[in-house]
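J.: Protein chains in written order, with this note's numbering: chain W, 518 to 763; chain V, 518 to 763.
Number of protein chains: 2
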Amino acid sequence: MSAGKFSFVVEPFTEDCCGRLSWRFLGNHLLRCASIHAGQHGFGYDDMQEQHHAWVLSRIVVEMNTIPTTGEAYNVETWVKSAYRQFTDRLYAITDNAEGIYGYAFSTWALIDVTTRQPMNLADLPNGGFKEAIIARDIPLKAPSRIRLKQPQVVRQQNVQYSDLDINGHVNSVRYIEMMLDLLPEACHQPVRHLEVAYSAEAHFGDTLTFRVDTSSEATEQPTHLIEVLKDGETVVARGVITFKA
Amino acid sequence: MSAGKFSFVVEPFTEDCCGRLSWRFLGNHLLRCASIHAGQHGFGYDDMQEQHHAWVLSRIVVEMNTIPTTGEAYNVETWVKSAYRQFTDRLYAITDNAEGIYGYAFSTWALIDVTTRQPMNLADLPNGGFKEAIIARDIPLKAPSRIRLKQPQVVRQQNVQYSDLDINGHVNSVRYIEMMLDLLPEACHQPVRHLEVAYSAEAHFGDTLTFRVDTSSEATEQPTHLIEVLKDGETVVARGVITFKA
Numbered sequence: 518m519s520a521g522k523f524s525f526v527v528e529p530f531t532e533d534c535c536g537r538l539s540w541r542f543l544g545n546h547l548l549r550c551a552s553i554h555a556g557q558h559g560f561g562y563d564d565m566q567e568q569h570h571a572w573v574l575s576r577i578v579v580e581m582n583t584i585p586t587t588g589e590a591y592n593v594e595t596w597v598k599s600a601y602r603q604f605t606d607r608l609y610a611i612t613d614n615a616e617g618i619y620g621y622a623f624s625t626w627a628l629i630d631v632t633t634r635q636p637m638n639l640a641d642l643p644n645g646g647f648k649e650a651i652i653a654r655d656i657p658l659k660a661p662s663r664i665r666l667k668q669p670q671v672v673r674q675q676n677v678q679y680s681d682l683d684i685n686g687h688v689n690s691v692r693y694i695e696m697m698l699d700l701l702p703e704a705c706h707q708p709v710r711h712l713e714v715a716y717s718a719e720a721h722f723g724d725t726l727t728f729r730v731d732t733s734s735e736a737t738e739q740p741t742h743l744i745e746v747l748k749d750g751e752t753v754v755a756r757g758v759i760t761f762k763a
Numbered sequence: 518m519s520a521g522k523f524s525f526v527v528e529p530f531t532e533d534c535c536g537r538l539s540w541r542f543l544g545n546h547l548l549r550c551a552s553i554h555a556g557q558h559g560f561g562y563d564d565m566q567e568q569h570h571a572w573v574l575s576r577i578v579v580e581m582n583t584i585p586t587t588g589e590a591y592n593v594e595t596w597v598k599s600a601y602r603q604f605t606d607r608l609y610a611i612t613d614n615a616e617g618i619y620g621y622a623f624s625t626w627a628l629i630d631v632t633t634r635q636p637m638n639l640a641d642l643p644n645g646g647f648k649e650a651i652i653a654r655d656i657p658l659k660a661p662s663r664i665r666l667k668q669p670q671v672v673r674q675q676n677v678q679y680s681d682l683d684i685n686g687h688v689n690s691v692r693y694i695e696m697m698l699d700l701l702p703e704a705c706h707q708p709v710r711h712l713e714v715a716y717s718a719e720a721h722f723g724d725t726l727t728f729r730v731d732t733s734s735e736a737t738e739q740p741t742h743l744i745e746v747l748k749d750g751e752t753v754v755a756r757g758v759i760t761f762k763a
């Protein structure tokens, strides 16, 4: 099995207000490259659907040294690093056309049964749990740890809308990243250095999302923003960590 | 001068909750193809910037017979149909790979001076106002008329956020389409047949947007939704018309 390598250019109208590739498009490309690479190797969305299984994004960490700007070329390289219980860890290197590294990403995907929405144990699958898909190549990015908010304070509530949804009828994973950045005015002038989201439940049309931030971490000079998204006031849907570049 | 023809496939994670190419991506492709086509013919963003001019989208009308779904190929064909005062009309045909037509679009772009933000008269330009760019090919889509709301009622207010903005630091033209669809629950189950937006001012980070809809048009069986977006309660930023397929 080989890593996937997908080449892009930062096209006009895919930048954010600072002129850098927006998280909308960068995040979308990370998900899309995962989907295409899995499909090329027989374990994509369609293959899984035939077996009534589906991949669900459980965790994503992205760390960017530099975010490319208009006209700059970038490549998304992606491969599966490990498979365990219901999870696979899929890694990414975001590279330029020389020897440079824009950044890295670490993602964890769970395989679920589409009818029961319960996790599948990969070891029980006929193909032996994607063992042949695994590539040992590592990246200098720590696996994510649990995100805990010490002093969560409600900062916003909003209802899930049409433009938040994707083909699965739930709020799109990348949309949560945008919603979290929308809480942080720094997003308008500083690039994100480190971004991490843990997804724990789905939100659907009309659900009320409550956003809480941990104010205890805001006091430092280059704060780490901890954000929690609840639906209907109680169920944690996602938790995130965002650090901007100094 | 030749029309531009740009080929796409509806990629995973570019669909809306109905599985059709989302307006976010369709709208983005329309703008992007305009930009690339103009650039290929010497009147793109960079060329205009050298002369301290910029293209600003003033009007867009899109009419879709069918919206392509996951894996389907589509082409965006685009050309300039006319140039007059500060405006050019750019037309689009959205086609499949056989003889089929997904839809058409009509757009009007104004050339402004970036310093004064005032419109330029195309006839005064050294190249004679893009006369050589014009292609006579027409589309079966009426030029837009003025959008008037008879009984406007405020339905929503929201502040402009980071994820609404594009590289120009103002709310992205396509984002207004999403914001308008977000007012209409039909968007979650019916495809849009006709969509029209007239842009009249820019909105920036922190501006409060007020959305008004014309309730007088809501009574008919297949209503035409008329929507108005104001900033800071008075300046009209955009007006839109949306009709869903029966």
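Positions of the beta carbon are idealized from the N, C-alpha and C atoms, including for glycine.
(1) For K667(W), count neighbouring Cβ atoms within 10 angstroms of its own Cβ and tell me buried if that reaches 16, exposed if not.
(2) Take the Cβ of K648(W) as the centre, count every other Cβ of all protein chains shown within 10 Å, and call the residue buried at 16 or more, exposed below.
(3) In the DSSP assignment, what are the bridge partners of W596(W)?
(4) Just the chain V side, please: which residues come within less than 9 angstroms of L698(W) by C-beta, in chain order?
(5) Can you name, in chain order, every residue of its own chain whose Cβ lies under 7 angstroms from the Cβ of N638(V), other than the five neighbours on each side?
(6) Among all the DSSP beta bridges, which residues are the ones paired with N676(V)?
(7) What residues in the stretch 717 to 749 of chain V bring their beta carbon closer than 8 angstroms to a beta carbon of chain W?
(8) Assuming T595(V) and A551(V) are in contact, meaning their beta carbons sit under 8 angstroms apart, how far apart are those beta carbons, in whole angstroms?
(9) Just verifying my parser: in three-state terms, what is the DSSP assignment at T760(V)?
(10) Taking C-beta pairs closer than 9 angstroms, name the residues in chain V that S552(W) reaches, listed in chain order.
(11) Out of T531(W), H546(W), H554(W) and R537(W), point me to the one whose CA is closest to N545(V)'s CA.
(12) Would you mind reading off the limits of the alpha helix (DSSP H) that contains D563(W)?
(13) Let me know if R756(V) comes out buried or exposed under the rule of 16 or more other beta-carbons within 10 Å of its beta-carbon.
(14) Looking at the unbroken alpha helix (DSSP H) that takes in A555(V), where does it start and where does it end?
(15) May I ask you to report which of helix, strand or coil DSSP gives P669(V)?
(16) For the stretch 620 to 633 of chain V, which residues have a CB atom closer than 8 angstroms to at least one CB atom of chain W, in sequence order?
(17) Could you tell me which residues DSSP puts in a beta bridge with H711(W)?
(18) Measure the beta-carbon distance from V677(V) to A720(V) and round it to whole angstroms, keeping in mind my assumption that it falls under 8 angstroms.
(19) Excluding the 5 residues flanking T587(W) on each side, which residues of the same chain have their C-beta closer than 7 angstroms to its C-beta?
(20) Give the residues of chain V in contact with G521(W), contact being defined as C-beta atoms less than 9 angstroms apart.
(21) Taking C-beta pairs closer than 9 angstroms, name the residues in chain V that E541(W) reaches, listed in chain order.
(22) Which residue comes first and which comes last in the beta strand (DSSP E) that contains S519(W)?
(23) Can you give the Cα-Cα distance for A763(W) and P708(W), rounded to whole angstroms?
(24) Going by DSSP, what residue range makes up the alpha helix (DSSP H) through S690(W)?
(25) Rounded to the nearest angstrom, how far is the Cβ of Y609(V) from that of V593(V), given a contact under 8 angstroms?
(26) Go through its chain and collect everything with a Cβ distance to S690(V)'s Cβ below 6 angstroms, but skip five positions before and after it.
(27) Between the Cα of Q635(V) and the Cα atoms of A555(V), S599(V) and S717(V), which residue gives the shortest distance?
(28) Based on the DSSP output, what are the partners of I629(V) in its beta bridges?
(29) The beta strand (DSSP E) with K748(V) in it runs from where to where?
(30) Based on Cα-Cα distance, which residue from S624(W), E616(W) and E589(W) lies nearest to D606(W)?
(31) Less than 9 angstroms between the beta carbons of I694(W) and W540(W), yes or no?
(32) Can you find a CB in chain V that lies within less than 9 angstroms of the CB of Y562(W)?
(33) For E745(W), does the count of other Cβ atoms within 10 angstroms reach 16, so buried, or fall short, so exposed?
(34) Let me know the secondary structure DSSP gives T752(V) once reduced to three states.
(35) If contact means a Cβ-Cβ distance below 9 angstroms, which residues of the stretch 601 to 617 of chain V contact chain A?
T.: Reading it off the structure:
(1) exposed
(2) exposed
(3) L608(W)
(4) Q678, Y679 and S680
(5) R602 and Q603
(6) T725(V)
(7) F722
(8) 6 angstroms
(9) strand
(10) E528, P529 and F530
(11) T531(W)
(12) Y562 to E567
(13) buried
(14) W540 to Q557
(15) strand
(16) none
(17) E580(W) and T760(W)
(18) 5 angstroms
(19) V527, P529, E532 and G536
(20) Correct list: empty, because the minimum Cβ distance to chain V is about 13 angstroms.
(21) Note that residue 541(W) is Arg in the sequence shown, not Glu. Near R541(W) (Cβ distances below 9 angstroms), the residues of chain V are R541 and S680.
(22) Segment: none, S519(W) is in no beta strand (DSSP E) and carries neither H nor E.
(23) 9 angstroms
(24) S690 to L698
(25) 6 angstroms
(26) L574
(27) S717(V)
(28) A571(V) and P636(V)
(29) T741 to K748
(30) S624(W)
(31) yes
(32) yes
(33) buried
(34) strand
(35) Of the protein chains in the structure, W and V, none is chain A.
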